[in-house]
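Each step along the sequence shown adds one to the number in our numbering, with nothing skipped, and position 158 is 162.
For glycine and all other residues, C-beta sits at the position ideal for the given N, C-alpha and C.
Quick notes on the structure that follows.
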Amino acid sequence: MKKTTLLNDEREQRVVPELFEDKSWITYKWVSDINFTATRIYYVSSFSKSVNNSDMQDGYGQCLYGYKNDRISELIAPIGIWHLKKKAGVENDMPNEMERPYIAQTLAFDVIYDVEEAKRELTYLFGVIDMFNMSDAEKKKFLEEIMQYWILSVKDAKWSGERERRYVIFMYDDYDYRETEIDDTF
Numbered sequence: 005m006k007k008t009t010l011l012n013d014e015r016e017q018r019v020v021p022e023l024f025e026d027k028s029w030i031t032y033k034w035v036s037d038i039n040f041t042a043t044r045i046y047y048v049s050s051f052s053k054s055v056n057n058s059d060m061q062d063g064y065g066q067c068l069y070g071y072k073n074d075r076i077s078e079l080i081a082p083i084g085i086w087h088l089k090k091k092a093g094v095e096n097d098m099p100n101e102m103e104r105p106y107i108a109q110t111l112a113f114d115v116i117y118d119v120e121e122a123k124r125e126l127t128y129l130f131g132v133i134d135m136f137n138m139s140d141a142e143k144k145k146f147l148e149e150i151m152q153y154w155i156l157s158v159k160d161a162k163w164s165g166e167r168e169r170r171y172v173i174f175m176y177d178d179y180d181y182r183e184t185e186i187d188d189t190f
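Okay, here's the thing in structure tokens:
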């Protein structure tokens with residue numbers, strides 16, 4: 005896994021915010037002034053959906069790892085340890101404190117290279133969010149949280165030959181991860 009800053013596209017993470025600058029395709033009032041500021045450090049590994057994709061290998065920077073396999077997300081997810089404490093007043097034969105392993109959050113997605121397709125998918129997403137019994141402010145906040153994932157999922161059409169699948173790990177401060185070293189390149 006590498007930090008997204010090591011990706012080779014200078015427009016990385018800019019395509020989605022640019023889609024929102026033209027509001028003509030957006031039909032919901034609550035979808036306005038979306039904040040795309042990153043809320044965490046992102047690490048990404050990228051795999052081609054084409055075997056032996058030399059174009060992608062030649063120019064992809066430090067983040068290309070090979071041909072995709074859907075099992076990868078299970079293999080790259082860091083293992084964390086939950087430190088659990090029994091709730092006060094609970095009477096059972098469980099210990100007062102215990103540790104349990106878990107697999108950290110890993111997200112896999114195929115990159116979209118067509119802005120019209122991205123708009124169609126986003127329009128569908130807006131419609132789903134709009135069905136929730138939430139205020140417009142809550143809908144907007146929810147959309148902004150989802151956009152943290154989406155910002156890495158759309159690229160310019162010139163990159164379409166890559167046929168890329170990305171795997172993103174979300175790691176959080178103060179979580180207990182095992183056998184995980186975090187440095188400039190992960």
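- The alpha-carbon separation between I85 and I30 amounts to approximately 42 Å.
- In terms of CA proximity to Q17, K159 leads the group R124, K159, E25, Y171.
- A straight-line Cα-Cα distance of about 39 Å links R170 and K91.
- When the alpha-carbon of P82 is set against those of T110, E103, M98, the nearest one is in T110.
- Within the DSSP bridge table, the entry for P21 names no partner.
- Secondary structure of V115 (DSSP, three-state): coil.
- DSSP, reduced to helix, strand and coil, places T184 outside both helices and strands of the structure shown, so it counts as coil.
- Judged by beta-carbon spacing, D134 lies beyond the 9 Å limit of K145, meaning their Cβ atoms are not closer than that value.
- Around the beta-carbon of V132, fewer than 16 other beta-carbon atoms lie within 10 Å, marking it exposed.
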